[in-house]
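Participant: Keeping their order, the protein sequence lines are chains A and B. Position one of the first sequence corresponds to residue 793 (our numbering), numbered consecutively onward. Position one of the second sequence corresponds to residue 793 (our numbering), numbered consecutively onward. Each residue gets a CB set at the ideal place from its N, CA and C atoms; glycine is no exception.
Number of protein chains: 2
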Amino acid sequence: MQQDRPEESEAIVEPERFNQARAAQSMAILEDYVEMIGDLIGEFGEARITDIAQRMGVTHPTATKAVSRLKREGLAISRPYRGVFLTDEGAAMAELVRARHRTVVDLLVAIGVPAETAELDAEGMEHHVSDVTLKAFEAFLERATSVSDTIEEAPRKG
Amino acid sequence: MQQDRPEESEAIVEPERFNQARAAQSMAILEDYVEMIGDLIGEFGEARITDIAQRMGVTHPTATKAVSRLKREGLAISRPYRGVFLTDEGAAMAELVRARHRTVVDLLVAIGVPAETAELDAEGMEHHVSDVTLKAFEAFLERATSVSDTIEEAPRKG
DNA sequence: CCGCAAGTGAAGCCTTGGCAACACTTCTGT
DNA sequence: ACAGAAGTGTTGCCAAGGCTTCACTTGCGG
Numbered sequence: 793m794q795q796d797r798p799e800e801s802e803a804i805v806e807p808e809r810f811n812q813a814r815a816a817q818s819m820a821i822l823e824d825y826v827e828m829i830g831d832l833i834g835e836f837g838e839a840r841i842t843d844i845a846q847r848m849g850v851t852h853p854t855a856t857k858a859v860s861r862l863k864r865e866g867l868a869i870s871r872p873y874r875g876v877f878l879t880d881e882g883a884a885m886a887e888l889v890r891a892r893h894r895t896v897v898d899l900l901v902a903i904g905v906p907a908e909t910a911e912l913d914a915e916g917m918e919h920h921v922s923d924v925t926l927k928a929f930e931a932f933l934e935r936a937t938s939v940s941d942t943i944e945e946a947p948r949k950g
Numbered sequence: 793m794q795q796d797r798p799e800e801s802e803a804i805v806e807p808e809r810f811n812q813a814r815a816a817q818s819m820a821i822l823e824d825y826v827e828m829i830g831d832l833i834g835e836f837g838e839a840r841i842t843d844i845a846q847r848m849g850v851t852h853p854t855a856t857k858a859v860s861r862l863k864r865e866g867l868a869i870s871r872p873y874r875g876v877f878l879t880d881e882g883a884a885m886a887e888l889v890r891a892r893h894r895t896v897v898d899l900l901v902a903i904g905v906p907a908e909t910a911e912l913d914a915e916g917m918e919h920h921v922s923d924v925t926l927k928a929f930e931a932f933l934e935r936a937t938s939v940s941d942t943i944e945e946a947p948r949k950g
């Protein structure tokens with residue numbers, strides 16, 4: 793019953809994608825928090841633990857712990873009983889994450905996914921979208937947009 | 793500096809997508825193991841802990857623990873020092889996961905993502921693709937396929 | 001048939017990301 | 001000015017998913 797085991801090369805390549813997926817996962821929450829803190833600072837001028845916790849749907853100790861990790865990673869700073877702020881690095885990450893999120897949502901919508909579903913699914917998917925894939929998404933959207941312009945604007949003008 | 797806080801409705805809806813993403817994440821590893829076990833059974837007639845561990849890129853105790861969880865969830869069965877097998881439920885899940893994986897990879901490729909990158913990114917993304925989105929992917933692929941048929945076959949026939 | 005290598009299991013540890021409970025600050029209204 | 005409410009921090013707990021180490025079965029070769 794036992795056939796030959798896969799070649800060495802296969803055996804080594806296979807697990808890599810799982811390792812990569814796991815690595816992406818460990819960044820995912822950090823990215824979510826950074827983006828959220830960026831949003832809050834944009835809206836209120838500061839990000840408070842309670843607000844972060846509420847928006848992330850977790851309790852405040854969980855948010856505190858996450859912020860600790862962000863500080864350890866050099867993405868955020870904070871002083872006791874004061875708000876949380878992003879470092880330059882953190883702000884840059886927030887911007888990238890936000891842009892990627894938009895692109896993923898736009899792509900899903902362009903593919904034909906309902907906007908609300910796109911928003912929900914993008915939240916989980918976005919963290920696994922590599923730079924290469926992101927570029928492909930952008931290129932596709934550009935093509936799709938010009939096509940829909942042709943279709944939608946022609947009658948309007950006519 | 794402090795503006796008004798968001799409306800109640802926003803405050804409640806916001807966290808939902810994170811909760812959903814987290815729930816998907818907790819299923820992700822289960823799905824990966826189930827699919828992998830299905831693959832191994834298909835190839836060798838049985839799935840052994842060592843092989844599962846090797847393919848997943850983890851040590852064997854980790855695989856053992858994962859299998860324990862699968863058994864607890866009713867997706868797999870096993871006896872000490874014997875292989876691991878899927879229940880009907882587990883086999884059904886494996887099939888769904890496999891099909892979804894293929895669809896996601898195909899979609900990425902259709903969008904213009906290099907095959908190898910598509911494979912890597914799909915591994916992480918697939919677990920966050922809802923049924924609605926999957927349906928949209930399938931519909932898009934059907935359209936894209938017929939279009940490329942038109943483009944590719946026309947010159948061939950001419 | 002018996003011993004040793006490979007495979008498996010079990011225990012214990014780490015980190016992460018949740019939680020609740022409790023302690024302490026800050027802020028606010030009287 | 002101060003008491004209570006709201007916000008924040010701390011501590012300790014849990015489960016999951018990693019790991020290493022060690023013990024035990026299995027199964028195969030001599």
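(1) On a Cα-Cα basis, can you pick out the residue from B:822, B:811, B:902 and B:814 that is closest to residue 881 of chain B?
(2) Would you kindly report the start and end of the unbroken beta strand (DSSP E) that includes residue 876 of chain A?
(3) Would you mind listing the alpha helix (DSSP H) stretches within the stretch 848 to 917 of chain B that are 4+ residues and don't spill past its ends, in chain order?
(4) Using a beta-carbon distance cut-off of less than 9 angstroms, what residues from the stretch 857 to 885 of chain A approach chain B?
(5) Spell out a yes or no on whether the stretch 829 to 838 of chain A and the stretch 926 to 942 of chain A are touching, meaning 3 or more CB-CB pairs, one atom from each, closer than 8 angstroms.
(6) Quick one: which residues of the stretch 916 to 945 of chain A get their C-beta closer than 8 angstroms to a C-beta of chain B? List them in chain order.
(7) Would you mind working out which of A:937, A:919 and A:809 sits nearest residue 824 of chain A, comparing C-alpha positions?
(8) Return the bridge partner residues of residue 839 of chain A from the DSSP annotation.
(9) Select from the stretch 885 to 909 of chain A all residues with a C-beta closer than 7 angstroms to any C-beta belonging to chain B, and list them in chain order.
(10) Secondary structure at residue 922 of chain B, three-state DSSP: helix, strand or coil?
(11) In chain B, which residues lie with their C-beta within 7 angstroms of the C-beta of residue 848 of chain A?
(12) Please check the pair residue 897 of chain B and residue 910 of chain B, which I expect to be a contact at CB under 8 angstroms, by giving their CB distance rounded to whole angstroms.
(13) Label residue 913 of chain A either buried or exposed according to how many other C-beta atoms from any shown protein chain fall within 10 Å of its C-beta, with 16 as the threshold for buried.
(14) Report the neighbours of residue 816 of chain A on chain B: residues whose CB is nearer than 7 angstroms to its CB, in chain order.
Facilitator: Inspection of the coordinates gives the following:
(1) For this step, residue 881 of chain B is matched to residue 89 along the second sequence. Checked all of B:822, B:811, B:902 and B:814; the closest Cα to residue 881 of chain B is B:822.
(2) Position 84 of the first sequence, counted from the start, is the residue given in the question as residue 876 of chain A. Here the beta strand (DSSP E) through residue 876 of chain A covers 876 to 878.
(3) Counting whole runs of 4 or more residues, the stretch 848 to 917 of chain B contains the alpha helix (DSSP H) stretches 852 to 864, 880 to 903 and 907 to 917.
(4) Of all residues in the stretch 857 to 885 of chain A, none places a beta-carbon less than 9 angstroms from a beta-carbon of chain B.
(5) No contact exists between the stretch 829 to 838 of chain A and the stretch 926 to 942 of chain A.
(6) Flagged, chain order: 916, 917, 919, 920, 921, 922, 924, 925, 928, 929, 931 and 932.
(7) Counting from one through the first sequence, the residue named residue 824 of chain A turns up at place 32. The residue among A:937, A:919 and A:809 with its C-alpha nearest the C-alpha of residue 824 of chain A is A:919.
(8) Residue mapping note: residue 839 of chain A aligns to position 47 of the first sequence, counting from 1. In DSSP, residue 839 of chain A forms a bridge with A:876.
(9) Within the stretch 885 to 909 of chain A, the residues whose Cβ lies closer than 7 angstroms to some Cβ of chain B are 900, 903, 904, 905, 906 and 909, listed in chain order.
(10) The residue labelled residue 922 of chain B in the question sits at position 130 within the second sequence. Here DSSP, grouped into helix, strand and coil, assigns residue 922 of chain B to coil.
(11) Along the first sequence, read from residue 1 onward, the residue named residue 848 of chain A stands at position 56. Chain-order list of chain B residues neighbouring residue 848 of chain A: 807 and 810, by C-beta distance under 7 angstroms.
(12) Residue numbering aside, residue 897 of chain B sits at position 105 when the second sequence is read from its first letter. Residue numbering aside, residue 910 of chain B sits at position 118 when the second sequence is read from its first letter. About 5 angstroms separates the Cβ atoms of residue 897 of chain B and residue 910 of chain B, confirming a contact at the 8 angstroms cut-off.
(13) Along the first sequence, read from residue 1 onward, the residue named residue 913 of chain A stands at position 121. Classification for residue 913 of chain A: buried.
(14) Residue numbering aside, residue 816 of chain A sits at position 24 when the first sequence is read from its first letter. Neighbours of residue 816 of chain A on chain B, chain order: 916.
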